[in-house]
Amino acid sequence: MAQRPQQHTDPVRRFAFELPARTSSVARARRLAEERLILWGCGPDIRDTVALVVSELVTNAVVHTASDRVVCELREGEETLRIAVRDEGGPADPRIRDCGEEERGRGLLIVDALCTAWGADRTGHGTAQIVWAELAHGTGEPC
1 MAQRPQQHTD
11 PVRRFAFELP
21 ARTSSVARAR
31 RLAEERLILW
41 GCGPDIRDTV
51 ALVVSELVTN
61 AVVHTASDRV
71 VCELREGEET
81 LRIAVRDEGG
91 PADPRIRDCG
101 EEERGRGLLI
111 VDALCTAWGA
121 DRTGHGTAQI
131 VWAELAHGTG
141 EPC
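The numbering of the sequence shown is the UniProt record's numbering, which starts it at 1 and goes up by one.
In structure tokens, the structure reads:
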């Protein structure tokens, strides 16, 4: 009997954590992501980029939604590293804003500049959503 070749559609590695939706959780989320990427053998450049993207996505979930908790997930695939933050929802979908000279409000602009793709998906549970971003990191090599 001939065997079918295995397809590698599953992520190579996955790490998720849940935190209270408070501003103090942003630094904790950044540290947890950086520590995991160190364990995975990722270089400092991608660690810095992921830390910044995690900070922006978690900050948005804390500031712009009515969440009590947020869940952050890192998934390393063959060619991308995906960062996803699930919140409990808010009144509007995330969008890039024109902030002018203001320091605040540039989070998704930064994410858009650093990542190959990003978006938001409703989870089907009330207004809960997942905001995700993907970084290209190579052709099958670990980050």
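Just so you know, even glycine gets a beta-carbon here, dropped at the ideal spot from N, CA and C.
Asked, Found
"If you draw a straight line from the C-alpha of Q129 to the C-alpha of R36, how long is it?", "24 angstroms"
"Could you tell me the distance, in whole angstroms, from the CA atom of R82 to the CA atom of T116?", "10 angstroms"
"According to DSSP, is E79 helix, strand or coil?", "coil"
"Quick check on DSSP: helix, strand or coil for R30?", "helix"
"Can you tell which of R69, V71, L114, A66 has its C-alpha closest to the C-alpha of R47?", "L114"
"Taking Cβ to Cβ, would you say R86 is nearer than 8 angstroms to V62?", "no"
"Am I right that A29 and V12 are in contact with their C-beta atoms under 8 angstroms? What's the rounded C-beta distance?", "Their Cβ separation, rounded to whole angstroms, is 21 angstroms, which puts A29 and V12 out of contact at 8 angstroms."
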